[in-house]
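Participant: Dumping the structure here so I can ask a few things about it.
Residue numbers (this note's numbering): 8 to 348.
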């Protein structure tokens, strides 16, 4: 019995020795590499370049309190948060085994995403290649610029691959924003209805609590005749108005643009910049038939419609539940006494 206990004690000591001399040593070596890809100070990042082997690329650049992609579009906030978290937290899990190293490096050379990260002064902070996933899809192959050894990387606590976070299609990551205007940035708002001109209106913002309201004929209403509360609440809506999605490649786009729009909304800001949204009815297709309260088949979708934005350069879908809050009528902004007249 005592001899068995002695053997167990010797085995335990040897096991601990192996752990500290081999495993801990290897772990310590990897710890030195863990931050080879990660960037601690992501606040200092000013530009990110990502390119794939299909010829697509994006340049993400800081612009005040937002990010721009390829100098054209704002980037989605949720995407930038994910990307920044990835750039900071990505770590080495383990080096590619020697037996697989040649194959992995060859695959990286032929199928990768090139990533370059620059600080706000334009200096290169990090450059590496992002490859595909490991066989178990729990790691991603990466190779630092100038390095000879590829690594399997991951993010602690996250199960999955990382290559999909490095997006090279500007249309995928561009912001769905239509309006991002605070009330004090707005000079005027004009809403014109093609079929109901009497409901059309123009709001002129003279101050925080000073407005003029014009109808389609140009007749002006101001002062106590206006519901200032409704005007202020309405103008605050322009702080956050999005589209549902972009439809620039829709096959029926040109046909729809040739139809008569039912509404045109124009906002002019304090710098005299004009933003116009032209709205078109969305025909109901055979797979999404809709009916009114009497059971009659509807010709147009009541929940969504098409819109042309950004000087007509973008064709989008907007939701009535969200965007429709902007489509009020002239009488909505009058006091109860005036609207009853």
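Ideal Cβ placement from N, Cα and C applies to all residues, glycine included.
1) How would you write the range of the alpha helix (DSSP H) that residue 114 sits in, first residue to last?
2) Just the Cα atoms here: how many angstroms apart are residue 274 and residue 262?
3) Return the bridge partner residues of residue 227 from the DSSP annotation.
4) According to DSSP, is residue 32 helix, strand or coil?
5) Determine the DSSP secondary structure at residue 287, reduced to helix, strand or coil.
6) Quick one: Cα of residue 137 to Cα of residue 324, how far?
7) Would you mind reading off the limits of the beta strand (DSSP E) that contains residue 72?
8) Considering only DSSP beta bridges, list what residue 127 is partnered with.
9) With a threshold of 16 other CB atoms inside 10 Å of the CB of residue 289, please say whether the residue is buried or exposed.
10) So what does DSSP say about residue 311, is it helix, strand or coil?
11) Does the beta-carbon distance from residue 180 to residue 284 come in below 8 Å?
12) Which residue wins for smallest C-alpha separation from residue 161, given the options 155, 149, 154?
13) So what's residue 139 in DSSP terms, helix, strand or just coil?
14) Below 8 Å on the Cβ atoms is my guess for residue 151 versus residue 135; work out the distance and round it to an integer in Å.
15) Have a look at 156, 145, 191 and flag the residue whose alpha-carbon is nearest the alpha-carbon of residue 170.
16) Would you say residue 308 and residue 326 are within 8 Å of each other, going by their C-beta atoms?
17) Helix, strand or coil for residue 321 per DSSP?
18) Evaluate contact between the region 178-195 and the region 234-243, counting only Cβ atoms and requiring at least three cross-stretch pairs below 8 Å.
19) Assign residue 87 to buried or exposed, taking buried as 16 or more other Cβ atoms, counted over all protein chains shown, within 10 Å of its Cβ.
20) Compare the C-alpha of residue 341 against each of 231, 303, 104 and name the closest.
21) So residue 176 and residue 63 are in contact, right, with Cβ under 8 Å, and what is the actual spacing, rounded?
22) Would you decide whether residue 247 is buried or exposed? Buried here means 16 or more other CB atoms lie within 10 Å of its CB.
23) Tell me the DSSP secondary structure of residue 101 in three-state form.
24) Please report how far the alpha carbon of residue 154 lies from the alpha carbon of residue 109, in whole angstroms.
25) Using the Cβ count rule (16 or more neighbours within 10 Å means buried), how would you classify residue 116?
26) State yes or no: is the C-beta of residue 211 within less than 8 Å of the C-beta of residue 224?
27) In this structure, what does DSSP give as the bridge partners for residue 250?
28) May I ask you to report which of helix, strand or coil DSSP gives residue 168?
29) Taking residue 306 as the reference, give the member of 336, 60, 292 with the closest Cα.
30) Which same chain residues, not among the five before or five after residue 235, have their C-beta less than 8 Å away from its C-beta?
31) Following the continuous beta strand (DSSP E) through residue 158, name the residue where it begins and the one where it ends.
32) If I'm right that residue 264 touches residue 315 with Cβ under 8 Å, what's the distance once you round it to whole angstroms?
33) Assign residue 379 to one of two classes, buried (16 or more other C-beta atoms within 10 Å of its C-beta) or exposed (fewer than that).
Facilitator: According to the structure data:
1) 105-117
2) 26 Å
3) 221
4) Here the model assigns residue 32 a pLDDT of 40, short of 50, so the residue's position is not dependable, and the following value carries that caveat. Of the three classes helix, strand and coil, the one that applies to residue 32 here is helix, per DSSP.
5) strand
6) 34 Å
7) Careful: residue 72 lies outside any beta strand (DSSP E) and carries neither H nor E.
8) Answer is none; residue 127 lacks a bridge partner.
9) buried
10) strand
11) no
12) 149
13) strand
14) 5 Å
15) 145
16) no
17) strand
18) yes
19) buried
20) 231
21) 6 Å
22) exposed
23) strand
24) 14 Å
25) exposed
26) no
27) Paired residues: none, contrary to the question.
28) coil
29) 292
30) 216, 218
31) 158-161
32) 7 Å
33) A query on residue 379 cannot be resolved here, the shown segment of the chain reaching from 8 to 348 and no further.
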